[in-house]
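*Asks:*
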Amino acid sequence: MTKEECFVAWAPDGIPWSQWAKPVVFANLDRIAAGGVPDQPTTTLSVDWIPEASHERALIVDVPGAESVVLGLSLARRGYRPVPLYNGTVGPAPVIDIEPIARQLQAGAEVLHGLGILPDAPPAFLLDAARMTPKDAPGPGKFDNRWIVFPQDFPSATYLRARGINEVLLLRRGTDAPGEDLAHVLLRWQEAGIHLLGGDVAAGGPWRELRVRRPSLFRRAWYRTMAMLGLRRHDAGGFGAMIPLASAGGG
Amino acid sequence: MIAPWLSANPLLPADFAQVRRRAVFDCCKWDPQVEDTASLAALPLVLRQEAWAELVLLAEKLARETLAAEEELLGRLDLHGRLGLPRQAARALASANRGRRSPGVARLIRFDFHHTSEGWRISEANTDVPGGLNEASGFTQLVAQHYPETCTVGDPAGTYAQSLRDALGAGARVALVHATAYSDDHQMMAYLARRLDVAGIHAHLVSPAHVRWRSGHAYLATDWSREPMAGLVRFFPAEWLPNLPAACGWTGFFHGSQTPISNPATAVLTQSKRFPLVWDMLGTSLPMWQALLPETCDPRHCAWRSEEWLVKPALGRVGDGVGFRDTMTVREWERIARDVERHPRCWVAQRRFEATPFTTPCGPCYPCIGVYTVDTRVVGAYGRMARRPLVDWRAQDIAVLVAGENHDLDAVGRQVGRQER
Numbered sequence: 060m061t062k063e064e065c066f067v068a069w070a071p072d073g074i075p076w077s078q079w080a081k082p083v084v085f086a087n088l089d090r091i092a093a094g095g096v097p098d099q100p101t102t103t104l105s106v107d108w109i110p111e112a113s114h115e116r117a118l119i120v121d122v123p124g125a126e127s128v129v130l131g132l133s134l135a136r137r138g139y140r141p142v143p144l145y146n147g148t149v150g151p152a153p154v155i156d157i158e159p160i161a162r163q164l165q166a167g168a169e170v171l172h173g174l175g176i177l178p179d180a181p182p183a184f185l186l187d188a189a190r191m192t193p194k195d196a197p198g199p200g201k202f203d204n205r206w207i208v209f210p211q212d213f214p215s216a217t218y219l220r221a222r223g224i225n226e227v228l229l230l231r232r233g234t235d236a237p238g239e240d241l242a243h244v245l246l247r248w249q250e251a252g253i254h255l256l257g258g259d260v261a262a263g264g265p266w267r268e269l270r271v272r273r274p275s276l277f278r279r280a281w282y283r284t285m286a287m288l289g290l291r292r293h294d295a296g297g298f299g300a301m302i303p304l305a306s307a308g309g310g
Numbered sequence: 003m004i005a006p007w008l009s010a011n012p013l014l015p016a017d018f019a020q021v022r023r024r025a026v027f028d029c030c031k032w033d034p035q036v037e038d039t040a041s042l043a044a045l046p047l048v049l050r051q052e053a054w055a056e057l058v059l060l061a062e063k064l065a066r067e068t069l070a071a072e073e074e075l076l077g078r079l080d081l082h083g084r085l086g087l088p089r090q091a092a093r094a095l096a097s098a099n100r101g102r103r104s105p106g107v108a109r110l111i112r113f114d115f116h117h118t119s120e121g122w123r124i125s126e127a128n129t130d131v132p133g134g135l136n137e138a139s140g141f142t143q144l145v146a147q148h149y150p151e152t153c154t155v156g157d158p159a160g161t162y163a164q165s166l167r168d169a170l171g172a173g174a175r176v177a178l179v180h181a182t183a184y185s186d187d188h189q190m191m192a193y194l195a196r197r198l199d200v201a202g203i204h205a206h207l208v209s210p211a212h213v214r215w216r217s218g219h220a221y222l223a224t225d226w227s228r229e230p231m232a233g234l235v236r237f238f239p240a241e242w243l244p245n246l247p248a249a250c251g252w253t254g255f256f257h258g259s260q261t262p263i264s265n266p267a268t269a270v271l272t273q274s275k276r277f278p279l280v281w282d283m284l285g286t287s288l289p290m291w292q293a294l295l296p297e298t299c300d301p302r303h304c305a306w307r308s309e310e311w312l313v314k315p316a317l318g319r320v321g322d323g324v325g326f327r328d329t330m331t332v333r334e335w336e337r338i339a340r341d342v343e344r345h346p347r348c349w350v351a352q353r354r355f356e357a358t359p360f361t362t363p364c365g366p367c368y369p370c371i372g373v374y375t376v377d378t379r380v381v382g383a384y385g386r387m388a389r390r391p392l393v394d395w396r397a398q399d400i401a402v403l404v405a406g407e408n409h410d411l412d413a414v415g416r417q418v419g420r421q422e423r
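As you go down the protein sequences, you meet chains A and B in turn. Under my numbering, the first residue of the first sequence is numbered 60, with each subsequent residue one higher. Under my numbering, the first residue of the second sequence is numbered 3, with each subsequent residue one higher.
#1: What does a CB cutoff of less than 6 Å around residue 235 of chain A pick up in its chain, not counting 5 residues either side in sequence?
#2: Less than 6 Å between C-beta atoms, sequence neighbours within five positions excluded: which residues of the same chain meet that for residue 213 of chain A?
#3: Using C-beta distances below 6 Å, list every residue in its chain close to residue 412 of chain B, excluding the 5 sequence neighbours before and after it, in chain order.
#4: Can you tell me where the alpha helix (DSSP H) holding residue 167 of chain A begins and where it ends?
#5: List, from N- to C-terminal side, the beta strand (DSSP E) runs of 3 residues or more that fit wholly inside the region 236-283 of chain A.
#6: Which residues, taken in chain order from the region 136-163 of chain A, show a beta carbon closer than 7 Å to some beta carbon of chain B?
#7: Three or more C-beta pairs closer than 8 Å, one from the region 239-253 of chain A and one from the region 166-183 of chain A: is that the case here?
#8: Rounding to the nearest angstrom, what Cα-Cα distance links residue 173 of chain A and residue 118 of chain A in this structure?
#9: Between the region 184-196 of chain B and the region 214-228 of chain B, do three or more beta carbon pairs fall short of 8 Å?
#10: Along the chain, where does the alpha helix (DSSP H) containing residue 69 of chain A start, and where does it finish?
#11: DSSP has residue 371 of chain B in a bridge; who is on the other side?
#12: How many whole angstroms separate the CB atoms of residue 192 of chain B and residue 207 of chain B, which I take to be in contact at a CB cut-off of 8 Å?
#13: Output yes if chain A places a C-beta closer than 8 Å to the C-beta of residue 262 of chain B; else output no.
#14: Given 8 Å as the limit, is there contact between the region 242-251 of chain B and the region 132-149 of chain B, that is, 3 or more CB pairs closer than that?
#15: Can you round the beta-carbon distance between residue 201 of chain B and residue 164 of chain B to whole angstroms, since I take them to be within the 8 Å contact cut?
#16: For residue 127 of chain B, which beta-bridge partners are listed by DSSP?
#17: Under 7 Å Cβ to Cβ from residue 258 of chain B, same chain only, skipping five residues before and after it: list those, please.
#18: DSSP state of residue 304 of chain B, grouped into three classes?
#19: First and last residue of the alpha helix (DSSP H) that includes residue 200 of chain A?
#20: Which same chain residues end up closer than 7 Å to residue 283 of chain B when comparing Cβ atoms and leaving out the 5 residues on each side of it in sequence?
#21: Looking at the secondary structure, which residues open and close the beta strand (DSSP E) in which residue 172 of chain B lies?
#22: Which residues bound the beta strand (DSSP E) around residue 219 of chain B?
#23: Check whether the region 59-66 of chain B touches the region 26-42 of chain B, taking contact to mean three or more Cβ pairs, one atom from each stretch, closer than 8 Å.
#24: Can you tell me which residues form a DSSP beta bridge with residue 153 of chain B?
#25: Taking the beta carbon of residue 387 of chain B as the centre, do at least 16 other beta carbons fall within 10 Å, making it buried, or is it exposed?
#26: Per DSSP, which residues does residue 275 of chain B bridge with? Please list them.
#27: Looking at residue 204 of chain B: is its Cβ nearer than 8 Å to the Cβ of residue 175 of chain B?
#28: Under 8 Å Cβ-Cβ, which residues of chain B neighbour residue 86 of chain A?
#29: If you follow the beta strand (DSSP E) that residue 184 of chain A is part of, which residue opens it and which one closes it?
#30: Mind pulling the chain B residues with CB within less than 9 Å of residue 210 of chain A?
#31: If you reduce the DSSP assignment to three classes, tell me which class residue 295 of chain B lands in.
#32: Please name the residues in the region 120-134 of chain B whose beta-carbon is closer than 8 Å to at least one beta-carbon of chain D, in chain order.
#33: Out of curiosity, what's the CA-to-CA distance linking residue 345 of chain B and residue 52 of chain B?
Encoded structure:
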C-alpha cells in the first residue's frame with residue numbers, strides 16, 4: 060500500500076471527519092516507516108469499558124505512542140471513525156520517535172479496509188500523549204519535532220453540535236485529565252455546553268466528569284505564537300520550551 | 003469601477019478532492035483543514051491581464067523603495083527606537099550598522115495587495131520571512147490544470163530556488179532555518195527543499211539553534227551534520243531570534259556572517275508595521291508606499307478606537323492580534339485595546355479601506371494577493387481569501403491565475419469554466 064493509499068484508508072473521501080486528519084506523518088511514511096513491522100499487534104486492547112459508538116458522542120484518544128493507533132483500531136471495531144491527528148514533523152535524529160506510530164498507521168490501514176466503518180460513524184480523534192515528552196532528554200543537536208495541539212486542529216463546538224455531538228470522552232493513560240494544550244480545545248467545547256468525561260486506559264475506567272480549568276493565555280490572539288516560541292510552561296515544565304544548548308557554543 | 007477579477011466556477015468535488023490530495027503529497031500542504039475551514043479554496047481567483055500587469059508594476063516599485071529605505075534605515079539608529087523592535091534585536095541592528103552586517107542573497111519579499119473602492123492598496127509587506135510558497139507554487143499549478151483558459155502568474159518557489167542556485171552555485175549546501183517543530187512552517191521548508199534539490203542545491207532542514215559561525219562562516223552543529231553552509235534561508239522571524247540562547251550565536255543572522263542569508267535579519271526594519279512612522283525622517287523617497295499603504299499612525303496620535311481605524315501589533319504575523327473592531331467580540335477588542343493603551347509603542351493604527359468583495363458560491367469573500375518579488379523582480383503570487391475583510395488564520399488559500407492571452411472573457415461575458423473531465 061502506498062503512503063497515499065494509506066492516508067485514504069484512514070481519511071476516506073466523503074467522510075466529514077476526514078478533513079481533520081493530519082497528513083504530515085502519512086506524507087513522510089516512505090521515510091519513516093518504510094514497510095517496517097509494528098512493534099505491537101494491531102488489535103490487542105480491550106475497549107469493552109468504552110461505550111459503543113453513538114452519534115451524540117465523540118472520543119479523543121490521547122495515550123502515548125503507537126498505543127493510540129491500536130486503541131483507535133479497537134474503537135473502529137466498536138463503530139467509531141478513528142481520525143489521526145499526529146502532527147509531528149520528520150527529520151534526522153528526531154527528539155520524538157514517530158516511527159512506531161507510522162508503522163502502526165501503515166499496518167492499520169489494511170485492517171481498516173476490512174472493518175466497514177459506517178460513513179456517519181462518530182469520530183475518535185487520535186493523539187500521541189508523548190508529543191512533548193521524549194523518552195530521553197533532548198540534546199542540542201537533535202531535530203526538535205515535539206508538537207502540541209491547537210484549537211484549530213479540531214472541529215469547533217459549533218460544528219460538533221451541528222452534527223449532534225453533545226458529549227466528548229477523553230481517554231488517557233495514568234490520568235484522566237487533559238494536558239495544557241488540549242485544555243485549550245476542551246474548555247472551548249465545555250463553554251459551549253458539551254459534556255466532557257475522562258477515563259484512564261490503565262484503569263479501564265471509570266468515567267469521571269471533567270471540569271477543565273482555564274489554561275494560561277486562553278483565547279488570546281497571541282497564544283499560538285507564544286506556545287510555539289516556548290514562552291509558556293505548564294506545571295510540569297517544558298511546554299514548548301526550547302531544547303537547551305550545550306554550555307559552549309561554536310566548535 | 004470594473005472588478006480586477008473574473009468569476010470562476012468551483013472545481014467539481016471529485017476534482018477538488020484530487021487536487022487536495024496532490025497538494026498534500028506533492029506540495030507538502032500539511033494543514034489542509036483549520037478548525038471548520040478547508041484551508042484550500044475550491045475555485046481560483048482569475049485576474050484580468052491588465053490587473054496583473056498593474057500589480058507587477060506596483061510591486062516592483064515597492065520592492066525597490068523598500069530595499070532603498072532599508073539600506074538607509076540601517077544607518078539611522080536614531081529611528082530604530084520608533085519601530086517597536088525587541089531591545090536585543092535593536093542592539094543587533096546597531097552592531098550590523100557598524101559595518102559588519104550579514105550579507106543578503108535572493109531577497110524575497112511579499113506585498114499583500116487588496117482591491118478597494120479606490121484601486122489597489124497594500125495592507126502590509128512581508129519583508130522578513132514571507133510564507134506561502136508551497137501554496138503559491140504547488141497548489142496553484144494543480145488548480146491551473148483544471149482551468150485551461152488561464153495561466154499561472156509565476157512559480158515563486160521555483161524562481162526563488164533558481165535565484166539561490168544562480169547566486170550560490172550548483173551543488174551548494176544551504177540550510178533552511180525554521181522552527182522545525184512547527185509543521186506549518188516545516189511544510190514550506192520541506193517543499194522548498196524539494197525545489198532546491200531540483201535546482202541542484204543540497205538543502206538541510208534545521209532550526210536556528212543548529213547554525214553556528216566559525217570566522218563568520220556558517221556551519222551546522224547537529225547530530226547528523228557539521229558541514230559548512232554556502233547559504234542560509236531563514237524562515238524564522240527576526241524578532242523571535244533573541245528568544246534563542248545566546249550560545250547559539252543568533253546574532254549572526256543580523257551581523258558578522260560572511261555566509262549570505264535570504265533574508266538577513268536586518269529585514270526586520272521594514273517588516274515592522276511602524277516603518278511608515280519614520281518615512282518623513284528618511285531621505286529615501288517612498289512614493290509608491292505612500293500611495294498604496296493606508297494612512298498609518300502611532301496610536302497616540304489618532305482616534306484609533308473609532309471604526310475608521312484598525313490597530314496592528316508592530317511585529318504581528320498572519321493577522322495575529324489585529325484589532326478590527328466590528329469583526330471581533332467586545333471582549334477580544336477590549337483585550338487588544340488595553341494592550342494598545344499600555345504599550346502604544348508596540349502598535350500602529352491604520353486607516354481602514356473598503357475592500358472589493360469577490361463573489362463565490364459561498365457568498366462574498368475578500369481576496370488578498372500577496373505578490374512576491376525576488377531581488378525586486380515579481381515572481382508570482384500567493385492568494386488568500388477571507389469571509390470577512392480581515393485575512394487571518396481563518397482565510398483560505400486560493401490559486402491566483404490570470405486570464406489567458408486569447409480569451410477576451412470580458413467581451414463575451416462568460417465565466418471562466420473549469421475543464422470538464
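For every residue, glycine included, the Cβ atom is placed at its ideal position computed from N, Cα and C.
*Replies:* A quick look at the data gives this:
#1: The residue given as residue 235 of chain A occupies position 176 in the first sequence. Answer for residue 235 of chain A: 257, 258, 259, 267, listed in chain order.
#2: Indexing the first sequence from 1 puts residue 213 of chain A at position 154. Within the same chain, residue 213 of chain A has close Cβ partners 244.
#3: Here residue 412 of chain B refers to the residue found at position 410 of the second sequence. Unreliable positioning characterises residue 412 of chain B in this predicted model, as indicated by a pLDDT of 45, which lies under 50. A coordinate reading is not provided.
#4: Start at 1 with the first residue of the first sequence, and residue 167 of chain A comes out as number 108. Here the alpha helix (DSSP H) through residue 167 of chain A covers 158-172.
#5: 254-259
#6: 146, 148, 150, 151, 152
#7: Too few Cβ pairs lie closer than 8 Å, so no.
#8: As a working note, residue 173 of chain A is residue 114 in the first sequence. As a working note, residue 118 of chain A is residue 59 in the first sequence. CA-to-CA, the gap between residue 173 of chain A and residue 118 of chain A works out to about 22 Å.
#9: As far as the Cβ criterion goes, the region 184-196 of chain B does not touch the region 214-228 of chain B, which means the pair count is below three.
#10: Here residue 69 of chain A refers to the residue found at position 10 of the first sequence. Where residue 69 of chain A is concerned, the enclosing alpha helix (DSSP H) stretches over 62-69.
#11: Along the second sequence, one-based indexing puts residue 371 of chain B at 369. Residue 371 of chain B pairs with B:115, B:385.
#12: The count along the second sequence starts at 1 and reaches residue 192 of chain B at position 190. The count along the second sequence starts at 1 and reaches residue 207 of chain B at position 205. Their Cβ separation, rounded to whole angstroms, is 7 Å, which keeps residue 192 of chain B and residue 207 of chain B in contact under 8 Å.
#13: As a first step, residue 262 of chain B must be located in the second sequence, where it is residue number 260. Chain A, which has no Cβ nearer than 8 Å to the Cβ of residue 262 of chain B, makes this no.
#14: no
#15: Within the second sequence, numbered from 1, the residue matching residue 201 of chain B stands at position 199. Within the second sequence, numbered from 1, the residue matching residue 164 of chain B stands at position 162. Contact flag correct, Cβ pair sits at about 5 Å.
#16: Translated into the one-based positions of the second sequence, residue 127 of chain B becomes position 125. Looking at the DSSP assignment, residue 127 of chain B forms a beta bridge with B:113.
#17: As a position in the second sequence, residue 258 of chain B is number 256, starting the count at 1. For residue 258 of chain B, where only same-chain residues beyond five positions count, the Cβ hits under 7 Å are 102, 104, 215, 218.
#18: The residue given as residue 304 of chain B occupies position 302 in the second sequence. Coil, per DSSP.
#19: Here residue 200 of chain A refers to the residue found at position 141 when the first sequence is read from its first residue. First-last for residue 200 of chain A: undefined, no H or E at that position.
#20: Numbered from its first residue, the second sequence carries residue 283 of chain B at position 281. Answer for residue 283 of chain B: 81, listed in chain order.
#21: Translated into positions along the second sequence, residue 172 of chain B becomes position 170. Neither: residue 172 of chain B is in no beta strand (DSSP E) and is coded neither H nor E.
#22: Counted from its first residue, the second sequence places residue 219 of chain B at position 217. Counting along the chain, the beta strand (DSSP E) containing residue 219 of chain B begins and ends at 219-222.
#23: no
#24: Here residue 153 of chain B refers to the residue found at position 151 of the second sequence. DSSP output for residue 153 of chain B lists B:404 as bridge partner(s).
#25: Mapped onto the second sequence, residue 387 of chain B falls at position 385. That one is buried.
#26: Start at 1 with the first residue of the second sequence, and residue 275 of chain B comes out as number 273. BP columns for residue 275 of chain B are empty, so no partner.
#27: Here the question's residue 204 of chain B lines up with position 202 in the second sequence. Here the question's residue 175 of chain B lines up with position 173 in the second sequence. Yes, Cβ-Cβ distance for residue 204 of chain B and residue 175 of chain B is below 8 Å.
#28: Within the first sequence, the letter at position 27 stands for residue 86 of chain A. Per Cβ cutoff of 8 Å: 26, 27, 30, 32.
#29: The sequence position of residue 184 of chain A within the first sequence is 125, counting from 1. Residue 184 of chain A -> beta strand (DSSP E) spans 182-187.
#30: By one-based count along the first sequence, residue 210 of chain A stands at place 151. Within chain B, the residues near residue 210 of chain A are 37.
#31: Your numbering for residue 295 of chain B matches position 293 in the second sequence. If DSSP states are grouped into helix, strand and coil, residue 295 of chain B belongs with coil.
#32: Looking at the structure shown, chain D is missing, and the protein chains on hand are A and B.
#33: Counting from one through the second sequence, the residue named residue 345 of chain B turns up at place 343. Counting from one through the second sequence, the residue named residue 52 of chain B turns up at place 50. If I take the Cα positions, the gap works out to 43 Å.
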